[in-house]
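2 protein chains.
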Amino acid sequence: MGEFDLIARYFKRPVRQAVLGVGDDCALLQPRPGTQMAISSDMLVSGRHFFADVDPRTLGHKSLAVNLSDLAACGARPLAFTLALSLPEVNEPWLAAFAEGLLALAETHGCELVGGDTTAGPLNICITVFGEVPVVNGRSQALLRSGAQPGDDIYVSGNLGDARLALNTLLGQIDLPPELLASCRQRLETPTPRVALGQALRGVATAAIDVSDGLLGDLGHILENSGVGACIEADTAIKLVAAYPYNKGATGQFDLKLSTEQWRSLALAGGDDYELLFTAPASQRAAVAQAGQASQTPVTRIGQIRAEPGLLLVDSQGQTLPNHYASFDHFA
Amino acid sequence: MGEFDLIARYFKRPVRQAVLGVGDDCALLQPRPGTQMAISSDMLVSGRHFFADVDPRTLGHKSLAVNLSDLAACGARPLAFTLALSLPEVNEPWLAAFAEGLLALAETHGCELVGGDTTAGPLNICITVFGEVPVVNGRSQALLRSGAQPGDDIYVSGNLGDARLALNTLLGQIDLPPELLASCRQRLETPTPRVALGQALRGVATAAIDVSDGLLGDLGHILENSGVGACIEADTAIKLVAAYPYNKGATGQFDLKLSTEQWRSLALAGGDDYELLFTAPASQRAAVAQAGQASQTPVTRIGQIRAEPGLLLVDSQGQTLPNHYASFDHFA
Numbered sequence: 001m002g003e004f005d006l007i008a009r010y011f012k013r014p015v016r017q018a019v020l021g022v023g024d025d026c027a028l029l030q031p032r033p034g035t036q037m038a039i040s041s042d043m044l045v046s047g048r049h050f051f052a053d054v055d056p057r058t059l060g061h062k063s064l065a066v067n068l069s070d071l072a073a074c075g076a077r078p079l080a081f082t083l084a085l086s087l088p089e090v091n092e093p094w095l096a097a098f099a100e101g102l103l104a105l106a107e108t109h110g111c112e113l114v115g116g117d118t119t120a121g122p123l124n125i126c127i128t129v130f131g132e133v134p135v136v137n138g139r140s141q142a143l144l145r146s147g148a149q150p151g152d153d154i155y156v157s158g159n160l161g162d163a164r165l166a167l168n169t170l171l172g173q174i175d176l177p178p179e180l181l182a183s184c185r186q187r188l189e190t191p192t193p194r195v196a197l198g199q200a201l202r203g204v205a206t207a208a209i210d211v212s213d214g215l216l217g218d219l220g221h222i223l224e225n226s227g228v229g230a231c232i233e234a235d236t237a238i239k240l241v242a243a244y245p246y247n248k249g250a251t252g253q254f255d256l257k258l259s260t261e262q263w264r265s266l267a268l269a270g271g272d273d274y275e276l277l278f279t280a281p282a283s284q285r286a287a288v289a290q291a292g293q294a295s296q297t298p299v300t301r302i303g304q305i306r307a308e309p310g311l312l313l314v315d316s317q318g319q320t321l322p323n324h325y326a327s328f329d330h331f332a
Numbered sequence: 001m002g003e004f005d006l007i008a009r010y011f012k013r014p015v016r017q018a019v020l021g022v023g024d025d026c027a028l029l030q031p032r033p034g035t036q037m038a039i040s041s042d043m044l045v046s047g048r049h050f051f052a053d054v055d056p057r058t059l060g061h062k063s064l065a066v067n068l069s070d071l072a073a074c075g076a077r078p079l080a081f082t083l084a085l086s087l088p089e090v091n092e093p094w095l096a097a098f099a100e101g102l103l104a105l106a107e108t109h110g111c112e113l114v115g116g117d118t119t120a121g122p123l124n125i126c127i128t129v130f131g132e133v134p135v136v137n138g139r140s141q142a143l144l145r146s147g148a149q150p151g152d153d154i155y156v157s158g159n160l161g162d163a164r165l166a167l168n169t170l171l172g173q174i175d176l177p178p179e180l181l182a183s184c185r186q187r188l189e190t191p192t193p194r195v196a197l198g199q200a201l202r203g204v205a206t207a208a209i210d211v212s213d214g215l216l217g218d219l220g221h222i223l224e225n226s227g228v229g230a231c232i233e234a235d236t237a238i239k240l241v242a243a244y245p246y247n248k249g250a251t252g253q254f255d256l257k258l259s260t261e262q263w264r265s266l267a268l269a270g271g272d273d274y275e276l277l278f279t280a281p282a283s284q285r286a287a288v289a290q291a292g293q294a295s296q297t298p299v300t301r302i303g304q305i306r307a308e309p310g311l312l313l314v315d316s317q318g319q320t321l322p323n324h325y326a327s328f329d330h331f332a
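Here the protein sequences line up with chains A and B, keeping their order. Each residue of the first sequence is one higher than the one before, counting from 1 in the UniProt record's numbering. Each residue of the second sequence is one higher than the one before, counting from 1 in the UniProt record's numbering.
This is how it looks when you write it as structure tokens:
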């Protein structure tokens, strides 16, 4: 099968919103008046972002999910995406499963595949995603990293650290009971981009980012861009690890035998969470709760923005903890 | 140097047209009213699209040039691009040169780097480019592959085959005198995207594509998408190979000793030309000439669209030639 047959068979779909989809030199989108286009691009490399033998269906899902998560962090409504794919060989069952996982998530979010590229080479998936953000009274409604204000509450959606727990297990570093591994593995392999929450937070949140490299590392980008500091309650964050009840045999079934330090590390620097980390004034607590309910996404308050620069980490007694949680960096 | 320092040092530039550039979860573009956004994505893989030891400055140029060439084929005005880069290591001199070549071409075309991704992995460059196409009286002015009509003239810009001649030389298959290799190598390594010509052809050309995989192969896409056939004058195309005067020692200096068949193959199936191949009604010959002059780009008429499907290849006497010129296919 040649390159063009491959595209036609697995990736070409009729478009409904785009003016022109796969099959010409360019795709064409017609943005609606009074909107801005939000754009993000993520590249996933075999052996680095995923195991070479990962289920291609989940890989298709995750490749788009990590991009949709960036749109979510911006408060954008997904519109379309391009897919550039470097493949070591044409493996039709693999391609069929990859396309199925990819296009199922795309369909869920009304995000159309409009173009891209296919080449031979080491397995590499590069998706660029496009979303729409309204402009109201001349002001963009996009959520940025730069709007956090001293006194703002800090929230995170969903759970933290379970994806890392799965990764550590797959790397042979931890032993998880099968049912727990299954749920953690879902978090690692098929993360849920918080697209509805991101849109519900427009006009409510002052700043937002998605948690991909680890909670504290990504919070650092908000702090740097907003010129502020923060205080984070480490033990509130710990409880967001869905596997935490397995601590010290609390479930009565299995004791993961992780130290408090290890749980903190999972929650604060796990990475691959694809949750939204955002800030909002205390006056907006009801609105934040409403955004969480409307989008059926749990949100938890985990700290506060401070005028003083730097990150203060405290335990449940308000005692300061050392912060040695490194964010993931491909070249560090 | 970490991932974020790398981006800041080599790739972060202030944006002038975009609402928001590098440094947040998403970039933001504000399309002008009455325009569509043209989008194209190309992935370049080391050892396949370029030699691993290629000059990084030319690689930066070419990575963007092949994408701008897609915008040109669509008649779009370049606006912005994202860059996703997988690097085996952080090599600062390499990155500095790559960024210099990339951003110099970007500057020439007013095309801003607005975002992207950086990761460790086998060298891979994925650029997604955004351009603007006007909509006039409700009709998109984009040039598509699908508009060719029987009787239309077929044109190609610039030169053909010289990039392939350089490639064949670098692969040790041909021997070129140094000054000829230098000029052919420029065509291979720093192609000129025909951006101004593409825009000048809006409202004039009926269909267009850029020649990346070889003239006849890319013409095939126009024929298929337009539901037409074509007749191409092979010996007119041959003369578009800038090195052709070196045939049979015509320059008095050097005889490349290529057969007519080899010259035809260079012109018709060379690939990596990044010229525009387009069609226009015979009534538009003056307008096509004017578009070429206005954009300072040579254009040559090389054939005609026919109602009968299929591609007819003829020599200078009008005799039919066999067509066995395969287009480049990564998986064929």
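Note that CB positions come from ideal geometry on N, CA and C, so glycine has one too.
So which residues of chain A does residue i contact, with C-beta pairs closer than 7 Å?
i             : result
C111/B        : Under the 7 Å cutoff, chain A gives no residues; its nearest Cβ is about 14 Å from C111/B.
residue 356/B : Nothing in the structure corresponds to residue 356/B, since chain B is present only between 1 and 332.
R48/B         : T119, A120, G121
T128/B        : S41, T82, T128
V299/B        : Near V299/B there are no residues of chain A at all, since even the closest Cβ is about 18 Å away, more than 7 Å.
Just curious, the beta strand (DSSP E) that residue i is in, first and last residue?
i      : result
I125/B : 124–136
T236/A : Element bounds for T236/A: not the beta strand (DSSP E) but the alpha helix (DSSP H), 234–238.
I7/A   : Segment: none, I7/A is in no beta strand (DSSP E) and carries neither H nor E.
T260/B : Taken as a continuous stretch (DSSP letters only), T260/B belongs to no beta strand (DSSP E), being part of the alpha helix (DSSP H) at 260–269.
G310/A : 310–314
P78/B  : 77–87
Put residue i into one of helix, strand or coil per three-state DSSP.
i      : result
P93/A  : helix
T108/B : helix
Y325/A : coil
A230/B : strand
V195/B : helix
I209/A : strand
L20/A  : strand
Just how far apart, CA to CA, sit residue i and residue j?
i      : j      : result
R48/A  : S86/A  : 15 Å
V156/A : L311/A : 16 Å
L6/A   : R301/B : 33 Å
Q173/A : L219/B : 55 Å
V314/B : G121/B : 47 Å
P281/B : D153/B : 6 Å
T279/B : A208/B : 7 Å
D117/B : K257/B : 47 Å
S63/A  : L171/A : 21 Å
A291/A : R145/A : 19 Å
M43/B  : L277/B : 22 Å
A65/A  : T108/A : 11 Å
G147/A : F81/A  : 27 Å
C126/A : S41/A  : 7 Å
For the alpha helix (DSSP H) holding residue i, just list the boundary residues, first then last.
i             : result
T169/B        : 162–170
residue 333/B : In the structure as shown, chain B starts at 1 and stops at 332, and residue 333/B therefore has no counterpart that could be examined.
A289/A        : 285–294
Q186/A        : 178–189
Have a look at the DSSP bridge pairing and note the partners of residue i.
i      : result
M1/A   : Looking at the DSSP assignment, M1/A forms no beta bridge with any residue, so it has no partner.
Y155/B : F278/B, R301/B
L29/A  : M37/B
G116/B : L83/B
F50/B  : S46/B
R306/B : G229/B
R139/B : V136/B
I want to verify the contact list: residues of chain A whose CB lies under 9 Å from the CB of residue i, in sequence order.
i      : result
K140/B : Per the sequence shown, residue 140/B should be read as Ser rather than Lys. Correct list: V19, L20, L28, Q30.
I209/B : D24, D25
L71/B  : D25, C26
R145/B : G23, D24, D25
Using a cut-off of 9 Å between C-beta atoms, extract the partners of residue i located in chain B.
i      : result
S157/A : Per Cβ cutoff of 9 Å: no residues; S157/A is ~14 Å from chain B at best.
S63/A  : Chain B residues near S63/A: none, gap ~12 Å exceeds 9 Å.
Q36/A  : V19, L20, L28, L29, Q30, P31
Mind listing the chain B neighbours of residue i? Cutoff is C-beta to C-beta under 7 Å, in chain order.
i      : result
A205/A : Neighbours of A205/A on chain B: none; closest Cβ ~12 Å, over 7 Å.
V15/A  : Residues of chain B passing the Cβ test: none, with the nearest at roughly 12 Å.
V228/A : Within chain B, no residue comes near V228/A; the closest Cβ sits about 16 Å away, beyond 7 Å.
I want to verify the contact list: residues of chain B whose CB lies under 8 Å from the CB of residue i, in sequence order.
i     : result
S86/A : M43, V45, N124
I want to verify the contact list: residues of chain A whose CB lies under 8 Å from the CB of residue i, in sequence order.
i     : result
P33/B : P33
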